[in-house]
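What follows is a single structure, written as structure tokens, with notes after it.
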Amino acid sequence: MSNSSSEQPLPPPPLTYFDLFRQNGGHTVGMWLILGEKCALSLVGILFNAILVVATVKAKNLRSICNLLIAIDSAFLAMYQLNALITFLIALFGINFVPVSTCFYLQALPTFSVLMSICVMFQIGTERLMNVLFPIWSMKENSKRFHAAFLRFSLCSNGYLIWLQYDMSCGVNKMVMCTPADVSALGNENFSKSIFRSLLFLVVLEMVGWVPIVYLSAIIQKLQLLPVTGTYLSAAFTTISSCITASANAPSLYYFSDLFRDAINAILLTLASKRVAIGKQTQQIQWWSCQKTAIGFVANDSDKKYA
Numbered sequence: 025m026s027n028s029s030s031e032q033p034l035p036p037p038p039l040t041y042f043d044l045f046r047q048n049g050g051h052t053v054g055m056w057l058i059l060g061e062k063c064a065l066s067l068v069g070i071l072f073n074a075i076l077v078v079a080t081v082k083a084k085n086l087r088s089i090c091n092l093l094i095a096i097d098s099a100f101l102a103m104y105q106l107n108a109l110i111t112f113l114i115a116l117f118g119i120n121f122v123p124v125s126t127c128f129y130l131q132a133l134p135t136f137s138v139l140m141s142i143c144v145m146f147q148i149g150t151e152r153l154m155n156v157l158f159p160i161w162s163m164k165e166n167s168k169r170f171h172a173a174f175l176r177f178s179l180c181s182n183g184y185l186i187w188l189q190y191d192m193s194c195g196v197n198k199m200v201m202c203t204p205a206d207v208s209a210l211g212n213e214n215f216s217k218s219i220f221r222s223l224l225f226l227v228v229l230e231m232v233g234w235v236p237i238v239y240l241s242a243i244i245q246k247l248q249l250l251p252v253t254g255t256y257l258s259a260a261f262t263t264i265s266s267c268i269t270a271s272a273n274a275p276s277l278y279y280f281s282d283l284f285r286d287a288i289n290a291i292l293l294t295l296a297s298k299r300v301a302i303g304k305q306t307q308q309i310q311w312w313s314c315q316k317t318a319i320g321f322v323a324n325d326s327d328k329k330y331a
């Protein structure tokens, strides 16, 4: 017998989600539920983070370095949460999959924002440690200069990381649903008491929320799951956990910190009063329009009588 006859045919490659998409002619119901849940969580998170930023800017008693860093972190997290909206809109408009090289441009801002959020969280921890070890120095102007320099360094270093991702994604035509992990995966293949309680809670949430993104893909490979199963697990656990984590700043600080609770309540009361005022103005306009209509009818009737 010849060697060719004794050789067994190679097994077909495992089914990927892209293959399943082509077979079904669209996304599965499970994937639509995942994309919709991510989008809803991201919208809530953007609202929470925006409220926290506005509360910090408006409240004069929240102008400490630590509170300002928390507001900066929330601003970056709000920009990061745009990533779920991008993925959802790509699916909603029927584009569904884009090349990695195109996905880089769409997810560049969310990716840069999450890198900055990690740096700012580290800077918050450093600021709290310095405040305990060197309390006098922390109250001086040099402390503000140090943190400003650290932020500039983080901006430059993360900008360099984004440039490296751009270099890796150029010319890559692999079709993806376009999440931040799709671009970063290329590199993986190659390479006070209340504020303390708040920060501790946020750090734990950071660990719970971001660790799955880093390690779940490796765990899926170790378990040798089918590509379709791995796609569902990655979309369901990594991105949803990050959405919840990115939304946690405002609720956590509202619960633990009296200062942030008062500032956020003031914003909510202002919004409520404006809404009530708009409602009253609308009612007045409707009342006046009704009065003018009634006066017009009376005038017409009187003209007819005199005529």
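Going by the working numbering, the first residue of the sequence shown is number 25, and it counts up by one from there. The beta-carbon is built from N, C-alpha and C at its ideal position, and this holds for glycine as well. Computed from a predicted structure; not experimentally measured.
Buried/exposed call for V122, threshold 16 Cβ in 10 Å: Position 98 of the sequence shown, counted from the first residue, corresponds to residue 122. V122 should be labelled buried.
Continuous alpha helix (DSSP H) stretch holding Q189: start and end: Reading the sequence shown from its first residue, position 165 is the one you call residue 189. Residues 165-193.
Euclidean distance between Cα positions of G13 and C143: Here the chain has residues from 25 to 331 only, and residue 13 is not among them.
8 Å CB neighbourhood of V77 in its chain, flanking five on each side removed: By one-based count along the sequence shown, residue 77 stands at place 53. Only A95, S98, A99, A102 meet the Cβ criterion.
Cα-Cα separation, T276 to F284: Here the question's residue 276 lines up with position 252 in the sequence shown. Here the question's residue 284 lines up with position 260 in the sequence shown. The residue you asked about is not Thr; residue 276 is Ser in the sequence shown. One C-alpha to the other measures close to 10 Å.
Residue range of the unbroken alpha helix (DSSP H) whose run includes C127: Here residue 127 is taken as the residue at index 103 of the sequence shown, counted from 1. Run containing C127: 124-157, per the alpha helix (DSSP H) assignment.
Length of the line joining the Cα atoms of A296 and L39: Working through the sequence shown from its first residue, we reach residue 296 at position 272. Working through the sequence shown from its first residue, we reach residue 39 at position 15. The alpha-carbon atoms of A296 and L39 are separated by roughly 52 Å.
Nearest candidate by alpha-carbon position, reference L86, set W312, A287, I291: The sequence position of residue 86 within the sequence shown is 62, counting from 1. Ranking the options by Cα distance to L86, first place goes to A287.
Whole-Å CB distance - Y190 paired with F128, under 8 Å assumed: The residue given as residue 190 occupies position 166 in the sequence shown. The residue given as residue 128 occupies position 104 in the sequence shown. Indeed they touch by this definition, with Cβ atoms about 6 Å apart.
N- and C-terminal bounds of the alpha helix (DSSP H) containing F100: On the sequence shown, residue 100 is found 76 positions in, with the first residue counted as 1. That run of the alpha helix (DSSP H) goes 89-104.
Sufficient close CB pairs (3 or more, under 8 Å) joining the segment 102-111 to the segment 57-75: yes
Residue from I89, L292, Y279 whose Cα sits closest to the Cα of F174: On the sequence shown, residue 174 is found 150 positions in, with the first residue counted as 1. For the residues I89, L292, Y279, the minimum Cα distance to F174 belongs to I89.
Distance between Y256 and L44 (C-alpha atoms, nearest Å): By 1-based counting over the sequence shown, the position of residue 44 is 20. By 1-based counting over the sequence shown, the position of residue 256 is 232. Cα to Cα, the separation comes out at about 12 Å.
Nonlocal neighbours in the same chain, by C-beta distance under 7 Å from L130, ignoring five residues either side: By 1-based counting over the sequence shown, the position of residue 130 is 106. Here the set comprises I110, C202.
Through-space distance from S281 to N155, alpha-carbon basis: The residue labelled residue 155 in the question sits at position 131 within the sequence shown. The residue labelled residue 281 in the question sits at position 257 within the sequence shown. Straight-line Cα distance between these residues: approximately 18 Å.
DSSP three-state assignment for M201, whether helix, strand or coil: Indexing the sequence shown from 1 puts residue 201 at position 177. Three-state result, M201: coil.
Within 8 Å, strictly: CB atoms of T126 and P204: Along the sequence shown, read from residue 1 onward, the residue named residue 126 stands at position 102. Along the sequence shown, read from residue 1 onward, the residue named residue 204 stands at position 180. No, these two residues do not count as a Cβ contact at 8 Å.
Selected residue, minimal CA-CA separation from N91, among F117, I148, H51, N48: Counted from its first residue, the sequence shown places residue 91 at position 67. The candidate whose alpha carbon is nearest that of N91 is I148.
Distance CB(N197)-CB(L139) smaller than 8 Å: Numbered from 1 along the sequence shown, position 173 holds the residue referred to as residue 197. Numbered from 1 along the sequence shown, position 115 holds the residue referred to as residue 139. No, the pair does not count as a contact, with Cβ atoms beyond the cut-off.
Distance between L133 and F42 (C-alpha atoms, nearest Å): Position 18 of the sequence shown, counted from the start, is the residue given in the question as residue 42. Position 109 of the sequence shown, counted from the start, is the residue given in the question as residue 133. Each residue's alpha carbon lies about 26 Å from the other.
Buried or exposed (CB count within 10 angstroms, at least 16 for buried), E165: Counting from one through the sequence shown, the residue named residue 165 turns up at place 141. It counts as exposed.
T40 - DSSP class collapsed to helix/strand/coil: Position 16 of the sequence shown, counting from 1, holds the residue named residue 40. Coil at T40, not helix or strand.
Distance between R169 and P159 (C-alpha atoms, nearest Å): Within the sequence shown, the letter at position 135 stands for residue 159. Within the sequence shown, the letter at position 145 stands for residue 169. C-alpha separation (whole angstroms): 16 Å.
Within-8 Å CB hit, I110 to chain D: No chain D is part of this structure, which consists of one protein chain only.
Pairwise C-alpha distance: S167 and I58: The sequence position of residue 58 within the sequence shown is 34, counting from 1. The sequence position of residue 167 within the sequence shown is 143, counting from 1. Their Cα atoms are separated by approximately 44 Å.
Rounded C-alpha distance that separates G54 from N73: For this step, residue 54 is matched to residue 30 along the sequence shown. For this step, residue 73 is matched to residue 49 along the sequence shown. Going from the Cα of G54 to the Cα of N73 covers about 28 Å.
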